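Structure, as structure tokens:
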Amino acid sequence: MLDGATPPSPAATVIEPPAAAHRLQPLLHDLVSAVMAPTTALSGGDGQIRASGVQGLFHADSRALSQARLEIDGREPEAVGYAPRGAGGARFVALARWLGDPSPDPTVRIHRVRQVVPGGMSERIEIVSTASRPVTATITLALSCDFAPIEVVKSGGETAPAAVAGGGPGELTWGSDGIRVTVTGVDAHAEPAESGRAGRLSWPVALAPRARTTLRWDVAVHDPEAVVTAPARPAEWVAERGGPRVTATDHRLVRLFEQSLDDLRSLRLAETGAPADAFLGAGVPWFLTLFGRDSIWAARMLLPLGTELAMGTLRVLARRQGTRLDPGSGEAPGKIMHELRRHEFALEGDGLRLPAAYYGTVDATPLWISLLHDAWRWGAPEAELAALLPHLEAALGWLAEHADPDGDGFVEYVDTSGRGLANQGWKDSGDAVRFHDGRQARPPIALVEVQGYAYQAARQAADLLEAFGRPGAGRWREHSGALAERFRAHFWVDGPRGRFPALALDRDKRPVDALTSNIGHLLGTGLLTGAEEAEVAALLVSPAMAGGFGLRTMSADEGGFSPLSYHCGSIWAHDTAIVVAGLARAGFGAQAARLAEGLLTAGETFGYRLPELFGGDDRETLGRPVPYPAACRPQAWSAAAAVTIVHAALGLYPDVPAGRVLLRPLAGAPLGALSARGLRIGGAEVSAAVDLDGSVSLTGLPAGILPETAAGGSVQQGCLPRQVNFV
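Using the UniProt record's numbering, you'd call the opening residue of the sequence shown number 1 and step up by one each time.
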């Protein structure tokens, strides 16, 4: 075989079930993931990768290995535990109780140490004997590859393993459609199975009393057609001084923050051909690619760690900004895309067929504007910001000309293709938009939070245009003012629970009167008055909304509520964190702390790796959150929630262009004493702390930037290191 040639092997055969069969999405909640994007290993808690469900080694939307099952003398070892091992790593511990001394205590242990890297994975199999007699055994590893597309796996489709195409000493190789997978076992014997459709690596092992040995195998994936790759540079927050660090009286916050940084590092991606611009893939395993809304929100939540990720995300999305009208893909001039795939993403059974570049999102465009604005406030380089101003103007063009197809003054959506997402806000499941009685709203739909995003984006765009000497600032300030008046006239509903903004307006312009978490996203946008923010804040922490471990997506009093519904009663970490940030900035510290505490409790339950979502059951149901069985984990904006909680507690709101930082910690330090170092403002590393008495310390601000209290007064700084203390 020529070097670099793809082995001639047929692609995996998709086995179609009978037409009447009901496909079930594979469960994820009990699997262990090790990730270094764009590559992910999903296994059981015993470390075994079995030929079932969603287990496997995935690379860029394709499954590279569908099985990697370890046996000792034909028997599987008995698992006793596992733990994450930094970004991309995991360690699994098992026993071979039939080997070694005949005593009640096990004397032969197996440590399976896994490390995922971009484009591959390595494992060390450490066999440790404390037996008083020699131990001999044969270690085998059963390996299969099916090249299943991620959408086939997600929809519960069955696949057949591909044939082993070749290999050499200790080597097995599979190939299909330009992808080549090579497994190498150091000092192993390689043999294809008799059927020619699977392979095995084997090692004979002989241990003297109280001895150990280490076996190693590696897998490499060559995939030149992948649309995503690993970034060229490490994360901005992985610094020589050790990166950001948090200390707190609540140990849960420290643990959650540390695990989240590992997960965020492992989810970093770049577009193939542009490795300098990093962004965060949305989540493992279904969404480990560019997602407009998700990648934007995650970058926005991570601005306290630096602006590099935000600028990379902005540039990647700007390069794919819409230029034409295409109902099939949802593309429109100036529109920011929703997701990027290798090929069409088709889920069998529900009619969903998304093109490789899909634009079916109503909120990514205003959120892109807000990310550009917020990066500017946090001190992103002026030249990089200026280069994106034409894309800002194009995004505003979409808001003006395409975001409101019926001309009623609200941003709305409808899928005209019949193959795209029926709902195009962040709650994008088909049944997400419901009235109080449980009926589903019919499109076109104008979501409540999207009006807040559009209002904020218009005002922020005006500030950017004015600051950079571009025309149009006055127009967009007038636009935002008119939107606020229309919103107040049409969205507010009144009922037994009091006044609150409706979830949406339906096609007949009727308010969709369910109480949901969506209204929490209005906090901090400026769309609400202070009195209206107080009404919203009170409802968000009512038992029907906050009776679980965080903020429910829908009130438990609604007709459509279900605690394990994807968007109608479950709890999403990022959703709760966004509302925590809004409450904190609006001055509702106690309410923000209550919701944040729910996430900290959930984080402890889930090993400090918050899933995409979990059940919205009352706390009394189990005393711990119920997993949502198909939730992504890790997931970018869920991991970013830890940074948002720290940021909200410290209350740092910089405006680098204006030369100031507003200091507004949560009143009374309801999350306890907290300090963080390695945060970044204006490119400089800063440290901040809030004590139990509410006093704040801030050090390391760049020259020319002064802190202010929430009341607006200037605070004098002494000699370097710069520090301010106030109560």
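Quick reminder that beta carbons are idealized off the backbone N, C-alpha and C, glycines included.
If you're wondering where the values come from, they're calculated on a predicted model, not measured in any experiment.
Legend entry - Extent of the continuous alpha helix (DSSP H) run through residue 728: Nothing in the structure corresponds to residue 728, since the chain is present only between 1 and 727.
Legend entry - CB contact flag (R133, P84, <8 angstroms): Sequence index remark: in the sequence shown, residue 133 carries index 133 (1-based). Sequence index remark: in the sequence shown, residue 84 carries index 84 (1-based). No, the pair does not count as a contact, with Cβ atoms beyond the cut-off.
Inset, instruction - Could you check if V228 is buried or exposed, using at least 16 other CB atoms within 10 Å of its CB as the buried criterion? - result: Residue mapping note: residue 228 aligns to position 228 of the sequence shown, counting from 1. Buried.
Inset, instruction - Spell out the partners DSSP gives R680 in its beta bridges. - result: Here residue 680 corresponds to residue number 680 of the sequence shown, with the count starting at 1. The partner list for R680 (beta bridge, DSSP) reads E685.
Inset, instruction - Tell me, please, which residues DSSP counts as bridged to E339. - result: Looking up residue 339 in the sequence shown gives position 339. Partner(s): F291, Y358.
Legend entry - Residues that DSSP places opposite H222 in a beta bridge: Against the sequence shown, residue 222 aligns to sequence position 222. BP columns for H222 point to R180.
Inset, instruction - For my contact list, W286 and C632 are in at a C-beta cut-off of 8 angstroms; report their separation, rounded to the angstrom. - result: In the sequence shown, counting from the first residue as 1, residue 286 sits at position 286. In the sequence shown, counting from the first residue as 1, residue 632 sits at position 632. That pair is a contact at about 6 angstroms.
Legend entry - Nearest to G47 (by Cα), restricted to the options M36, G81, Q25: As a working note, residue 47 is residue 47 in the sequence shown. Residue G81 is the option with its Cα nearest to G47.
Inset, instruction - Could you tell me the boundaries of the beta strand (DSSP E) in which D494 lies? - result: If you number the sequence shown from 1, residue 494 lands on position 494. Taken as a continuous stretch (DSSP letters only), the beta strand (DSSP E) holding D494 covers 492-495.
Inset, instruction - Using a threshold of 8 angstroms, state whether the C-beta atoms of G409 and R486 are closer than that. - result: Position 409 of the sequence shown holds residue 409. Position 486 of the sequence shown holds residue 486. A contact, by the Cβ cut-off of 8 angstroms.
Legend entry - Bridge-paired residues (DSSP) for Y82: Looking up residue 82 in the sequence shown gives position 82. The partner list for Y82 (beta bridge, DSSP) reads F92.
Legend entry - Outcome for D618 when other beta-carbon atoms lying within 10 angstroms are tallied against a minimum of 16: On the sequence shown, residue 618 is found 618 positions in, with the first residue counted as 1. Burial call: exposed.
Legend entry - Whole-angstrom C-beta distance between P304 and L652, which should lie under 8 angstroms: The residue given as residue 652 occupies position 652 in the sequence shown. The residue given as residue 304 occupies position 304 in the sequence shown. That pair is a contact at about 7 angstroms.
Inset, instruction - State buried or exposed for K509, treating a residue as buried only when at least 16 other CB atoms are found within 10 Å of its CB. - result: The residue you call residue 509 lines up with position 509 of the sequence shown. Per the 10 Å Cβ criterion, exposed.
Legend entry - Alpha-carbon spacing of T709 relative to L280, whole angstroms: Here the question's residue 709 lines up with position 709 in the sequence shown. Here the question's residue 280 lines up with position 280 in the sequence shown. Distance between the alpha carbons of T709 and L280: 33 angstroms.
Legend entry - Distance between L261 and Y608 (C-alpha atoms, nearest Å): Here the question's residue 608 lines up with position 608 in the sequence shown. Here the question's residue 261 lines up with position 261 in the sequence shown. Whole-angstrom Cα-Cα distance: 11 angstroms.
Inset, instruction - Can you tell me which of the three DSSP states E412 falls into? - result: On the sequence shown, residue 412 is found 412 positions in, with the first residue counted as 1. Looking at E412 - three-state DSSP - the assignment turns out to be coil, as it is neither helix nor strand.
Inset, instruction - Apply the 10 Å Cβ neighbour rule to G199 and answer buried if 16 or more other Cβ atoms are within range, or exposed otherwise. - result: Here the question's residue 199 lines up with position 199 in the sequence shown. G199 should be labelled buried.
Inset, instruction - Give me whichever residues DSSP pairs with P149 in a beta bridge. - result: In the sequence shown, residue 149 corresponds to position 149, counting from 1. DSSP output for P149 lists S62 as bridge partner(s).
Inset, instruction - Could you pull out every unbroken beta strand (DSSP E) segment of at least 3 residues lying fully inside the segment 489-532, listed in chain order? - result: 492-495, 498-501
Inset, instruction - Report the three-state DSSP secondary structure of R210 (helix, strand or coil). - result: As a position in the sequence shown, residue 210 is number 210, starting the count at 1. Correct three-state label for R210: coil.
Legend entry - Rounded separation between A206 and A131 - CA only: On the sequence shown, position 206 is the one that residue 206 refers to. On the sequence shown, position 131 is the one that residue 131 refers to. C-alpha separation (whole angstroms): 13 angstroms.
Legend entry - Cα-Cα separation, L692 to D250: By one-based count along the sequence shown, residue 692 stands at place 692. By one-based count along the sequence shown, residue 250 stands at place 250. Cα to Cα, L692 sits roughly 12 angstroms from D250.
Legend entry - Inter-residue CB distance, L551 and L564 (contact presumed, cutoff 8 angstroms): Taking the sequence shown and counting its residues from 1, one reaches residue 551 at position 551. Taking the sequence shown and counting its residues from 1, one reaches residue 564 at position 564. Going by Cβ atoms, the distance from L551 to L564 rounds to 16 angstroms, so no, they are not a contact pair.
Inset, instruction - Would you check if the segment 383-398 and the segment 357-370 touch, i.e. whether three or more CB-CB distances between them fall below 8 angstroms? - result: yes
Inset, instruction - Tell me the start and end of each unbroken alpha helix (DSSP H) in the segment 221-290 that is at least 4 residues and wholly inside, in chain order. - result: 251-266
Inset, instruction - Write down the C-beta distance between P333 and H402 rounded to the nearest angstrom, noting that I regard them as a contact closer than 8 angstroms. - result: As a working mapping, residue 333 is identified with position 333 in the sequence shown. As a working mapping, residue 402 is identified with position 402 in the sequence shown. Their Cβ separation, rounded to whole angstroms, is 7 angstroms, which keeps P333 and H402 in contact under 8 angstroms.
Inset, instruction - Whole angstroms is fine: what's the gap from Q591's alpha carbon to I645's? - result: As a first step, residue 591 is located in the sequence shown; it is residue number 591 there, counting from the start. As a first step, residue 645 is located in the sequence shown; it is residue number 645 there, counting from the start. Cα to Cα, the separation comes out at about 13 angstroms.
Inset, instruction - Please work out which residues of its chain come closer than 6 angstroms, Cβ to Cβ, to A669, disregarding the five sequence neighbours upstream and downstream, and give them in chain order. - result: Counting from one through the sequence shown, the residue named residue 669 turns up at place 669. Once the five neighbours on either side are set aside, the close Cβ partners of A669 are V690, L692, G694.
Legend entry - Under the three-state DSSP convention, the category H574 falls into: In the sequence shown, counting from the first residue as 1, residue 574 sits at position 574. It is helical.
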